[in-house]
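In this note's numbering, the protein residues as written are 4 to 291.
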């Protein structure tokens, strides 16, 4: 009985050891598989378009390269419509945009990858004493009907509008969500990026414009809109309407390194770690 009991214990221990070795082996193979997959992905990815998306895609580019060191990702601005034109022509792999695909691109074989929510805010030079604009006041300023801050409760100072060119998705978003299709006044200073708009407003007394929320910092003043202060919660609750979605468009289904980069941006790891940190809103937080 003692011999039988000892033999049974040894057999049980042997089975457990084999089981642990198999588990460890599976874990090792899984890691090797992931490493091999990363090693197999190589090449160059070119992207252009929305400057509103740059604060999100720059860290994505850096983190992606740590995982896929054989891939070079080049990201340029130029505006949403520039990105869509270039990807449809095949001159870049990804066209970044903060507007939905217009009708004229629908027959170009473009595939949409919706990756994030982009909130926008109105900013002014810090000398402006107004803290809030109603929708109608914003419309009247942007269309040129109101040209002095005293007309909206501020000081007697001329309003200088600084914003984006017609190729900009940011401009298209403001046209849709605020102007409801009305035309911007031609009496404005045009800049080629969100960053340039912010810098120009910071250095121009009485200036106003709009930027993607991550660009707004202490160098400018951020206005409330319709009495609502911008916050991610204000967007997801439906109280703050000035936002759009960020898209990464490809011509046909994404493959190879391009697919790997888009998959990373859309992954739970990146979305849960970097999206809110960079001032954007995960799509998963929006109401269905």
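Quick reminder that beta carbons are idealized off the backbone N, C-alpha and C, glycines included.
As the structure is a prediction and not an experimental result, all values here were calculated from the model.
(message) I'd like the span of the alpha helix (DSSP H) that includes residue 267, first residue to last.
(response) 259-269
(message) So, with DSSP's three-state summary, where would you put residue 86?
(response) helix
(message) DSSP three-state label for residue 190, please.
(response) Here residue 190 carries a coil assignment [DSSP, helix/strand/coil].
(message) I'd like the list of long-range same chain contacts for residue 269, defined as Cβ closer than 6 Å, with 5 residues on each side in sequence excluded.
(response) 118
(request) Could you pull out every residue in the same chain whose Cβ sits closer than 7 Å to the Cβ of residue 200, ignoring the five residues on either side in sequence? (result) 165, 166, 167, 194, 212 and 214
(request) For residue 249, name the three-state secondary structure that DSSP assigns. (result) In this structure, residue 249 counts as strand in the three-state DSSP scheme.
(message) If contacts are defined as beta-carbon pairs under 8 Å, then residue 90 and residue 113 qualify, I think. What distance do you get, rounded to the angstrom?
(response) 7 Å
(request) Examine the Cβ distances between the region 134-144 and the region 201-209 and report whether three or more of them are shorter than 8 Å. (result) no
(request) Classify residue 128 as buried or exposed, calling it buried when 16 or more other Cβ atoms lie within 10 Å of its own Cβ. (result) buried
(request) Just grab the DSSP bridge partners of residue 122 for me. (result) 246
(message) Considering Cα atoms alone, identify which of 171, 73, 93 and 110 is closest to residue 84.
(response) 171
(message) Just to confirm, is the Cβ distance from residue 260 to residue 45 under 9 Å?
(response) yes
(message) Is there a C-beta anywhere in chain D that falls below 9 Å from the one on residue 212?
(response) The question asks about chain D, but that chain is absent: this structure has only one protein chain.
(message) Strictly by DSSP, which residues pair up with residue 284?
(response) 120
(request) Return the CA-CA distance between residue 37 and residue 48, expressed in angstroms with no decimal places. (result) Only weak support exists for where residue 37 lies, its pLDDT of 47 falling under 50; the coordinates are left without a value.
(message) Assess contact between the region 222-231 and the region 273-291, defined as three or more Cβ pairs (one per stretch) separated by less than 8 Å. Is contact present?
(response) Not touching, per the Cβ criterion.
(request) Would you kindly report the start and end of the unbroken alpha helix (DSSP H) that includes residue 111? (result) Premise fails: residue 111 is in no alpha helix (DSSP H) and is neither H nor E.
(message) Runs of 3 residues minimum, wholly inside the region 180-234: which ones carry the beta strand (DSSP E) assignment?
(response) 192-194 and 210-215
(request) Give the DSSP-derived three-state secondary structure of residue 81 in the structure shown. (result) Shown here, residue 81 sits in a strand according to DSSP, grouped into three states.
(message) In whole angstroms, give me the CA-to-CA distance for residue 159 and residue 176.
(response) 30 Å
(message) Using DSSP's beta-bridge definition, name the partner residues of residue 49.
(response) 77
(message) Among 108, 252, 241 and 72, whose alpha-carbon lies nearest the alpha-carbon of residue 1?
(response) The structure shown does not extend to residue 1, since the chain is modelled only from 4 to 291, so the question has no answer here.
(request) Kindly indicate the opening and closing residues of the beta strand (DSSP E) around residue 162. (result) Counting along the chain, residue 162 falls outside any beta strand (DSSP E), and DSSP gives it neither H nor E.
(request) For the alpha helix (DSSP H) containing residue 93, list its first residue and its last residue. (result) Careful: residue 93 lies outside any alpha helix (DSSP H) and carries neither H nor E.
(request) List the endpoints of the continuous alpha helix (DSSP H) containing residue 274. (result) No alpha helix (DSSP H) holds residue 274; DSSP gives it neither H nor E.
(request) Go through its chain and collect everything with a Cβ distance to residue 82's Cβ below 6 Å, but skip five positions before and after it. (result) 170 and 171
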